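Protein sequences appear in the order of chains A and B.
My numbering numbers the first residue of the first sequence as 1 and each following residue consecutively.
My numbering numbers the first residue of the second sequence as 1 and each following residue consecutively.
See structure below.
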Amino acid sequence: DAGVTQSPTHLIKTRGQQVTLRCSPKSGHDTVSWYQQALGQGPQFIFQYYEEEERQRGNFPDRFSGHQFPNYSSELNVNALLLGDSALYLCASTYYRGLAKNIQYFGAGTRLSVL
Amino acid sequence: LAKTTQPISMDSYEGQEVNITCSHNNIATNDYITWYQQFPSQGPRFIIQGYKTKVTNEVASLFIPADRKSSTLSLPRVSLSDTAVYYCLVGDIAAGNKLTFGGGTRVLVKP
Numbered sequence: 001d002a003g004v005t006q007s008p009t010h011l012i013k014t015r016g017q018q019v020t021l022r023c024s025p026k027s028g029h030d031t032v033s034w035y036q037q038a039l040g041q042g043p044q045f046i047f048q049y050y051e052e053e054e055r056q057r058g059n060f061p062d063r064f065s066g067h068q069f070p071n072y073s074s075e076l077n078v079n080a081l082l083l084g085d086s087a088l089y090l091c092a093s094t095y096y097r098g099l100a101k102n103i104q105y106f107g108a109g110t111r112l113s114v115l
Numbered sequence: 001l002a003k004t005t006q007p008i009s010m011d012s013y014e015g016q017e018v019n020i021t022c023s024h025n026n027i028a029t030n031d032y033i034t035w036y037q038q039f040p041s042q043g044p045r046f047i048i049q050g051y052k053t054k055v056t057n058e059v060a061s062l063f064i065p066a067d068r069k070s071s072t073l074s075l076p077r078v079s080l081s082d083t084a085v086y087y088c089l090v091g092d093i094a095a096g097n098k099l100t101f102g103g104g105t106r107v108l109v110k111p
């Protein structure tokens with residue numbers, strides 16, 4: 001049973017560029033959430049997708065957008081990259097109608113460096 | 001969402017028991033207490049969740065007093081591989097999937 005998989009593992013971009021990160025949820029899960037984790041800090045919620053729609057959003061600008069596909073996989077897009085976007089981007093999945101929605105399964109993340 | 005406060009860091013030695021206390025004075029009636037563990041360059045991993053009294057699984061125990069204003073994660077007989085950051089989260093498990101992480105507690109297990 002595959003867990004949450006993310007690609008790529010590492011990425012280097014320059015300011016102003018655009019980036020797309022990908023996530024496949026754990027088997028049986030239909031909800032994907034994205035988090036940004038800066039060095040030395042806890043993960044910060046970006047947004048969540050269920051049924052191909054954005055259901056919740058954290059305090060992130062519109063430069064951050066996402067998509068969920070019919071197979072429940074998801075993409076995170078960041079436009080006009082800033083140096084401050086350098087972070088570990090984590091994807092987490094769960095089952096939307098589960099009893100404990102806050103038990104989420106995380107991938108290993110994508111380390112994004114913006115130069 | 002109830003705010004949580006936990007120590008920034010703790011040191012321990014192999015074989016000892018590690019107890020991490022989290023304060024959540026404004027916990028709501030429907031809130032559960034959940035702990036995650038995170039190793040460097042990995043995503044957080046669910047450890048344990050509880051509502052009141054004591055919960056135990058194969059990894060840890062969670063102690064919650066009657067007033068639920070705090071909770072203590074207990075890691076028995078830690079090993080070097082338990083060196084990680086531990087996060088305490090409080091929230092309604094049925095209300096939604098947004099997890100709010102604080103700064104966590106960095107636990108260093110020494111030989």
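From the three backbone atoms N, C-alpha and C, an ideal C-beta is built for every residue, glycine too.
All values reported here derive from a predicted model rather than from experimental measurement.
Collapsed DSSP secondary structure at residue i in the structure displayed
i	result
S81 (chain B)	helix
G84 (chain A)	helix
Q18 (chain A)	coil
A92 (chain A)	strand
T4 (chain B)	coil
L46 (chain A)	The sequence shown places Ile at residue 46 (chain A), not Leu. Of the three classes helix, strand and coil, the one that applies to I46 (chain A) here is strand, per DSSP.
G40 (chain A)	coil
Q38 (chain B)	strand
D30 (chain A)	coil
R97 (chain A)	coil
F69 (chain A)	coil
N102 (chain A)	coil
R55 (chain A)	strand
F101 (chain B)	coil
Y51 (chain B)	coil
Other residues of its chain near residue i: CB distance less than 6 Å, five sequence neighbours each side excluded
i	result
S7 (chain A)	R22
P113 (chain B)	Only positions 1 to 111 of chain B appear in the structure, and residue 113 (chain B) is not among them; the question remains open.
E54 (chain A)	F47
S73 (chain A)	S24
For residue j and residue i, the rounded distance between their alpha carbons
i	j	result
G28 (chain A)	V114 (chain A)	34 Å
L89 (chain B)	W35 (chain B)	6 Å
Q48 (chain A)	G107 (chain A)	15 Å
S61 (chain B)	R68 (chain B)	15 Å
K26 (chain A)	D85 (chain A)	26 Å
A92 (chain A)	G98 (chain A)	15 Å
T5 (chain A)	S65 (chain A)	19 Å
P76 (chain B)	T9 (chain A)	33 Å
E51 (chain A)	N71 (chain A)	10 Å
8 Å Cβ shell around residue i - same chain, five flanking residues per side excluded
i	result
S12 (chain B)	V18, V78, V107, L108, V109, K110
Q37 (chain A)	P43, Q44, A87, L88, Y89, L90, G109
I103 (chain A)	T94
Supposed contact pair residue j and residue i - C-beta distance, whole angstroms, cut 8 Å
i	j	result
T53 (chain B)	V85 (chain B)	That pair is no contact at about 26 Å.
N79 (chain A)	R57 (chain A)	Not quite, the Cβ-Cβ distance comes to about 16 Å (not below 8 Å), so this is no contact.
L83 (chain A)	V19 (chain A)	With a Cβ gap of about 13 Å, L83 (chain A) and V19 (chain A) do not count as contacting.
L81 (chain A)	Q17 (chain A)	5 Å
G103 (chain B)	Q41 (chain A)	7 Å
Q49 (chain B)	Y87 (chain B)	Between Y87 (chain B) and Q49 (chain B) the Cβ distance is about 12 Å, and since that is not below 8 Å, they are no contact.
I33 (chain B)	S71 (chain B)	5 Å
Y96 (chain A)	G3 (chain A)	With a Cβ gap of about 18 Å, Y96 (chain A) and G3 (chain A) do not count as contacting.
D31 (chain B)	D82 (chain B)	Going by Cβ atoms, the distance from D31 (chain B) to D82 (chain B) rounds to 27 Å, so no, they are not a contact pair.
Cβ-heavy atom distance, residue i to the ligand ADP, below 7 Å
i	result
I64 (chain B)	What this structure holds is no ligand at all, so the ligand ADP is not there to describe.
Cβ neighbours of residue i in the same chain (closer than 7 Å, five flanking residues each side left out)
i	result
I12 (chain A)	S113, L115
CB contact below 8 Å: residue i versus chain E
i	result
Q16 (chain B)	The structure shown has no chain E; the protein chains it does contain are A and B.
Please name the residues in the region 46–60 of chain B whose beta-carbon is closer than 7 Å to at least one beta-carbon of chain A, in chain order. Of all residues in the region 46–60 of chain B, only F46, Q49 come within less than 7 Å of chain A when Cβ atoms are compared, listed by chain position.
Would you list, in chain order, the members of the region 38–50 of chain A that have their beta-carbon closer than 7 Å to a beta-carbon of chain B? If the cut-off is 7 Å between Cβ atoms, the region 38–50 of chain A has Q41, G42, P43, F45, Q48 near chain B.
Mind listing which residues of the region 73–93 of chain B have their C-beta closer than 9 Å to chain A's C-betas, in chain order? Result list: V85, Y87, L89, G91, D92, I93.
Listed in chain order, which residues of the region 93–105 of chain A have Cβ atoms closer than 8 Å to some Cβ of chain B? Listed by position, the residues of the region 93–105 of chain A near chain B (Cβ gap below 8 Å) are T94, Y96, L99, A100, K101, N102, I103, Q104, Y105.
If the cut-off is 9 Å on Cβ atoms, which residues from the region 20–34 of chain A count as contacting chain B, listed in chain order? The region 20–34 of chain A vs chain B, Cβ under 9 Å: T31, S33.
Taking any Cβ of chain A, which residues in the region 13–45 of chain B have a Cβ under 9 Å from it, in chain order? Under the 9 Å Cβ criterion, the region 13–45 of chain B contributes Y32, T34, Y36, Q38, S41, Q42, G43, P44, R45.
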